[in-house]
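The structure appears right after this line, and notes come after that.
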Amino acid sequence: MVQLETEIANFFKSTTGLRDIDLNTNIGDEKYKIFDLDAENLMETFFKKYNIDYSNFIVSKYFIYPNYSWRSLVFIRLFFDKVEYPLKPALTIKHLIEVAKRKEWFDPS
1194 MVQLETEIAN FFKSTTGLRD IDLNTNIGDE KYKIFDLDAE NLMETFFKKY
1244 NIDYSNFIVS KYFIYPNYSW RSLVFIRLFF DKVEYPLKPA LTIKHLIEVA
1294 KRKEWFDPS
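Going letter by letter, the sequence shown gives residues 1194 to 1302 in our numbering.
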């Protein structure tokens, strides 16, 4: 199964442009800036490429959906450089490999 691991790691490297991905990388981490629609597109592409049933997957559980309200954009960003986002459960490459093997989404334990 090493081939599948390499293939999935390369999939996420090529689709995200990130080069520092390994098995323990949490792709939902805010430092990678994969938010809302980008996250939805990324995960849907992954699930379809590997023929995975993802009917139980909730993208907002693992990826950040920034507050795009005008108050947040105008007032908060004027006074603060860093916006704090709520901590999300980790979505690692290792877990996504297991999902691809099972051909069905399941939550990380």
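For each residue, glycine too, the CB sits at the ideal point set by N, CA and C.
> What are the start and end residues of each continuous alpha helix (DSSP H) run of 4 or more residues lying completely inside the region 1195-1239, in chain order?
Replying inline: Taking only runs of at least 4 residues, the alpha helix (DSSP H) segments lying wholly in the region 1195-1239 are 1195-1209.
> Since Lys1294 contacts Phe1256 with CB under 8 Å, what's their CB separation in whole angstroms?
Replying inline: One-based indexing of the sequence shown puts residue 1294 at position 101. One-based indexing of the sequence shown puts residue 1256 at position 63. That pair is no contact at about 22 Å.
> Out of curiosity, what's the CA-to-CA distance linking Glu1198 and Pro1259?
Replying inline: By one-based count along the sequence shown, residue 1198 stands at place 5. By one-based count along the sequence shown, residue 1259 stands at place 66. When rounded, the distance between both Cα atoms is 31 Å.
>> Please identify the residue among Phe1204, Asp1300, Glu1200, Glu1291 whose C-alpha is closest to the C-alpha of Thr1238.
In response: In the sequence shown, residue 1238 corresponds to position 45, counting from 1. That would be Phe1204, whose Cα lies nearest to the Cα of Thr1238.
> Any idea if Gly1210 is buried or exposed, counting beta-carbon neighbours within 10 angstroms, 16 or more meaning buried?
Replying inline: Residue mapping note: residue 1210 aligns to position 17 of the sequence shown, counting from 1. Residue burial is scored here from C-beta neighbours: Gly1210 has fewer than 16 other C-beta atoms within 10 angstroms and is therefore classed as exposed.
> So the alpha helix (DSSP H) Val1292 belongs to, where does it begin and stop?
Replying inline: Translated into the one-based positions of the sequence shown, residue 1292 becomes position 99. That run of the alpha helix (DSSP H) goes 1286-1295.
> By a C-beta neighbour count over all protein chains shown, 10 Å radius and 16 as the cutoff for buried, is Leu1284 buried or exposed?
Replying inline: By one-based count along the sequence shown, residue 1284 stands at place 91. Burial is judged here by how many other beta carbons sit within 10 angstroms of a residue's own beta carbon; Leu1284 has at least 16 and is buried.
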